[in-house]
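Number of protein chains: 4
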Amino acid sequence: MTKPELPLHFAIVTSFVDMNIVAGVGAGTVLLARNPANYESIVEEIKSSGGTALGISTDVSNPESVTKAFSEIQKDQAFANKKLAAAIYNVGGKFIRKPFLELSLEDYEAGYEATGKGFFLFAQKVLPLLLESVEKSEHPPTLVITGATASLRGGANMSSFASGKFALRATGQSLAREFGPKGVHVVHAIIDGVIDIPRTKEWMVGAGPDAKINSDAIADSYWYLHTQPRSHFTQELDVRPYVEKF
Amino acid sequence: MTKPELPLHFAIVTSFVDMNIVAGVGAGTVLLARNPANYESIVEEIKSSGGTALGISTDVSNPESVTKAFSEIQKDQAFANKKLAAAIYNVGGKFIRKPFLELSLEDYEAGYEATGKGFFLFAQKVLPLLLESVEKSEHPPTLVITGATASLRGGANMSSFASGKFALRATGQSLAREFGPKGVHVVHAIIDGVIDIPRTKEWMVGAGPDAKINSDAIADSYWYLHTQPRSHFTQELDVRPYVEKF
Amino acid sequence: MTKPELPLHFAIVTSFVDMNIVAGVGAGTVLLARNPANYESIVEEIKSSGGTALGISTDVSNPESVTKAFSEIQKDQAFANKKLAAAIYNVGGKFIRKPFLELSLEDYEAGYEATGKGFFLFAQKVLPLLLESVEKSEHPPTLVITGATASLRGGANMSSFASGKFALRATGQSLAREFGPKGVHVVHAIIDGVIDIPRTKEWMVGAGPDAKINSDAIADSYWYLHTQPRSHFTQELDVRPYVEKF
Amino acid sequence: MTKPELPLHFAIVTSFVDMNIVAGVGAGTVLLARNPANYESIVEEIKSSGGTALGISTDVSNPESVTKAFSEIQKDQAFANKKLAAAIYNVGGKFIRKPFLELSLEDYEAGYEATGKGFFLFAQKVLPLLLESVEKSEHPPTLVITGATASLRGGANMSSFASGKFALRATGQSLAREFGPKGVHVVHAIIDGVIDIPRTKEWMVGAGPDAKINSDAIADSYWYLHTQPRSHFTQELDVRPYVEKF
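Protein chains in written order, with our numbering: chain A, 13 to 258; chain B, 13 to 258; chain C, 13 to 258; chain D, 13 to 258.
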């Protein structure tokens, strides 16, 4: 898909290492992750292909860390005078699958830390920036949220993960209904399957080709969602490999 | 509905003051609420009609407070040797309806405090007791969870309340799938409307008769759900006044 | 569950032979089924225990047959001067599970015949009678619709059955929103599992006790739904055996 | 969005007159509609811009008419040796909004005629052609189904329209689960709002700009869905104007 140069920049919180397809174009990309190892190679890749990128080590569930990250972005020469086109919230959080009575309170809350609290802090920072871009961007400013199968149904031993993902979806729906009429596009994508990234290389071996979700395809879909005009906003879509049972 | 005397007791967390209809029968009722004013009159009423009741001031989102409450129950002569038949989680939590960008982190988390964390702490205490009752109770031991319209959809300015209610529903579904096969009935009731209690007396005046949900009817429905045999468990139902738009 | 004598009668379309638990009380029961073998023994049982029952061979997807059945009811001495309290639509229809490309048009439409068209014809006859009972019955007049797992999700090779069940649910929701405010209770029950009736005797042998839904329990739940006051109408609930995966 | 020339053709059933954006590229487009007026101008437009198009007057709920249309396609020089890339089912059917008791059986069935029976007949013809294209097309062969708000919820006076749209969704889900693993992408798009076409010109005047869905944007989204790789199939998405309440 051909993507025009944008006069705006992208902010991405990602563990999808191939999101550089989205990231590598436009006026620049900010990558937030707790562990610099999760963004360093992408930042390098974007820069070496002539793009602008900034990685910031951020703990999204820590208010001070989030505030510090956004203040760094605003001080950065490459981003200070640009508008935010899109913000993408990919934080998966700790995946804990345990019998309910073996969960500690900390285990249970781990789901919400990332996808309830963490998303709240992120959204509070990006929504004012997205609102500022409404009249100025080629496409409506967009907040994309990554959900999972557990966003739609709880499962045995899944209360930590599912409660966080449900909370994230609730917040996303609420924001879509509040900010949509103001011109900001809030969309929730349910990724139902394993994403094909280095970390999952050994998973599902033998399941045949294309049994894992291509992360380039996720980037393409997020790009497509960003380009939707305001007369035609998607609020929710699901994606899964063709062989996935659902 | 005629309800037989039970050799078991009920534990109730309630702001529905008329839940005494459920509470006033059987071998006794434990009422948990932060504010004693919310259970004192019911405890009195049950006792004066010959029943057994115990009220304990409890902050369900505080682990120590919950632990203390359940240890008090086990030390109480009236309950120490009895089995738990049913546990009902009615905690509504703080209802905050505000534009998203005006929410503090504390505001946002208020939803989850009550219906995410609070329910986790409560469920961890009651599920072991309910499991112990599986072979011994007339009806399958039951955990009833009270949800709301916001359990199913987010709304503008509703992210705090909806994210908590979504998290509660996710946890309830997860528990139903984990504990159902063990014989414990976990059910989520979506109460879609205003409950007719003293606090809501001035609400919806002029909406005509029966426009608010009769709290006795909620008690009847929870009783009915408790009496379902294990071949016929309901996981979710909604209730609303006949005039309610939905 | 103790059920008071009603001054009203029940009309039931049933293949659940044990629905006589609902049927055997009150001022009488009308049973509609294409094959008289499906109601004869129940009619006998009700009569021999002192109740009033009438069986009418009816093809619910045939307008003339439905018209004839309701005209017979109105001519019957036992029912002519009574009011209709509840109508229950249990028609399952032909269950066809076949690869899509092997379905004939007739196969595909078989789902809709029973649960689209058949329910339409039935509902057109019972709703005027239920409306007449609004001011006169002990409990709000009730139309209960029996759905299935396939009411909520399609499945491979299931398009005939699922499309009919989806259509039924859509119509039920539409009627609830139209007739609820007029005082008629329309409720959709999703029966997710095998019902324990003579025809399913050899099914799920070895799955352990209570793995099939007790049809008495269905009758109890429909009775409970009928007794809900208009301030507290359930629109949808699911039921399944405790061992059922969902 | 730039779209490459395809060695395959599109078959479209459309009342969206601007679907020519999808139609006007590739190796050709077949347009099916009962009324030739609904495709003639598009066929002209495609041809005059150098494309290949064929319009066939077809009543999708009539088996003979559908058979005749597909036999015409196979006899047409321009299409006979080509493979089918995508089939789009846009048939809306008669929209009847009436009190339930005023509906004739014909009124009620009108919903299902178009979206139950009509889609069945269409899908039976296109799926074998799409299966043949699995190994041969640039993108996975795609069947896109157009749904509406009424695909997800019934409404007062809406049983005809909603029952048909629910049936369509059920069939779409069933086909996705059956044909997805074979490499055919079946997707259901919920169009929640008024589409901006000549027929709706006078609707929602005064609602402001972009309050109606741009039909070009629908074409773009269907194109995007068609280009999804098989590792990343969307089954369902919704779209609506930014000002639409939902």
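Ideal Cβ placement from N, Cα and C applies to all residues, glycine included.
DSSP three-state assignment for residue i, whether helix, strand or coil
i	result
residue 115 of chain B	coil
residue 41 of chain C	strand
residue 156 of chain C	strand
residue 33 of chain C	Any reading at residue 33 of chain C must be qualified, since the residue scores a pLDDT of 40, below 50, and its modelled position is unreliable; no value is offered.
residue 138 of chain D	helix
residue 250 of chain D	strand
residue 106 of chain B	coil
residue 66 of chain D	strand
residue 225 of chain D	strand
residue 151 of chain B	coil
residue 201 of chain C	strand
residue 245 of chain C	strand
residue 232 of chain B	helix
residue 54 of chain D	helix
Neighbour flag for residue i against chain A, beta carbons, 8 angstroms
i	result
residue 159 of chain B	no
residue 185 of chain B	yes
residue 255 of chain D	yes
residue 73 of chain B	no
residue 166 of chain D	no
residue 144 of chain B	no
residue 118 of chain B	no
residue 150 of chain B	no
residue 132 of chain B	yes
Closer than 8 angstroms to chain D by CB, residue i
i	result
residue 179 of chain C	yes
residue 113 of chain C	yes
residue 189 of chain C	yes
residue 141 of chain C	no
Under 7 angstroms from the C-beta of residue i: neighbouring residues of chain D
i	result
residue 250 of chain A	246, 247, 248
Minimum Cβ-Cβ distance from residue i to chain B less than 8 angstroms
i	result
residue 192 of chain C	yes
residue 44 of chain A	no
residue 218 of chain C	no
residue 169 of chain A	yes
Within chain D, partners of residue i - CB distance below 9 angstroms
i	result
residue 50 of chain C	The premise fails here: residue 50 of chain C is roughly 25 angstroms from chain D at the closest Cβ pair, so nothing lies under 9 angstroms.
residue 230 of chain A	244
Under 7 angstroms from the C-beta of residue i: neighbouring residues of chain B
i	result
residue 226 of chain C	241, 243, 244
residue 121 of chain A	129
Where residue i meets chain C, residues with beta-carbon distance less than 8 angstroms
i	result
residue 86 of chain D	Ordered by position in chain C, no residue passes the 8 angstroms Cβ test against residue 86 of chain D, which lies about 17 angstroms from the chain.
Neighbour flag for residue i against chain C, beta carbons, 8 angstroms
i	result
residue 234 of chain B	no
residue 109 of chain D	no
residue 82 of chain D	no
residue 258 of chain D	no
residue 136 of chain D	yes
Closest residue to residue i among the options (Cα-Cα distance)
i	options	result
residue 146 of chain A	A/104, A/209, A/193, A/181	A/193
residue 158 of chain C	C/170, C/183, C/143	C/183
residue 221 of chain C	B/243, B/238, B/226	B/243
residue 41 of chain C	C/50, C/48, C/47, C/59	C/59
residue 74 of chain C	C/52, C/129, C/250, C/104	C/129
residue 1 of chain A	A/219, A/226, A/149	The structure shown does not extend to residue 1 of chain A, since chain A spans only 13 to 258, so no value can be given for it.
residue 171 of chain B	A/189, A/122, A/160, A/251	A/189
residue 203 of chain D	D/57, D/133, D/154, D/231	D/231
residue 175 of chain B	A/135, A/79, A/124, A/151	A/124
residue 95 of chain C	C/152, C/199, C/200, C/178	C/152
Closer than 9 angstroms at the beta carbon, the chain B residues around residue i
i	result
residue 195 of chain C	254
Chain-ordered neighbours of residue i on chain D, where CB pairs are closer than 8 angstroms
i	result
residue 2 of chain A	No answer is possible for residue 2 of chain A: the residues shown for chain A start at 13 and end at 258.
Chain-ordered neighbours of residue i on chain A, where CB pairs are closer than 7 angstroms
i	result
residue 124 of chain B	124, 128, 179
Contact set between residue i and chain C, taken where Cβ atoms lie within less than 9 angstroms
i	result
residue 153 of chain D	Neighbours of residue 153 of chain D on chain C: none; closest Cβ ~15 angstroms, over 9 angstroms.
Chain-ordered chain C contacts of residue i [CB-CB under 7 angstroms]
i	result
residue 175 of chain D	128, 179, 182, 183
Interface flag, residue i vs chain F, CB-CB below 8 angstroms
i	result
residue 160 of chain D	Looking at the structure shown, chain F is missing, and the protein chains on hand are A, B, C and D.
- Message: Count Cβ pairs between the segment 175 to 182 of chain C and the segment 158 to 177 of chain D that sit closer than 8 angstroms; are there 3 or more?
- Response: yes
- Message: Does the structure place the segment 205 to 218 of chain C close enough to the segment 101 to 117 of chain C that three or more beta carbon pairs sit under 8 angstroms?
- Response: no
- Message: Taking contact to mean 3 or more Cβ pairs, one atom from each stretch, closer than 8 angstroms, check whether the segment 75 to 92 of chain C and the segment 114 to 126 of chain C are in contact.
- Response: no
- Cβ pair count under 8 angstroms reaching 3, the segment 73 to 87 of chain B against the segment 128 to 144 of chain B: yes
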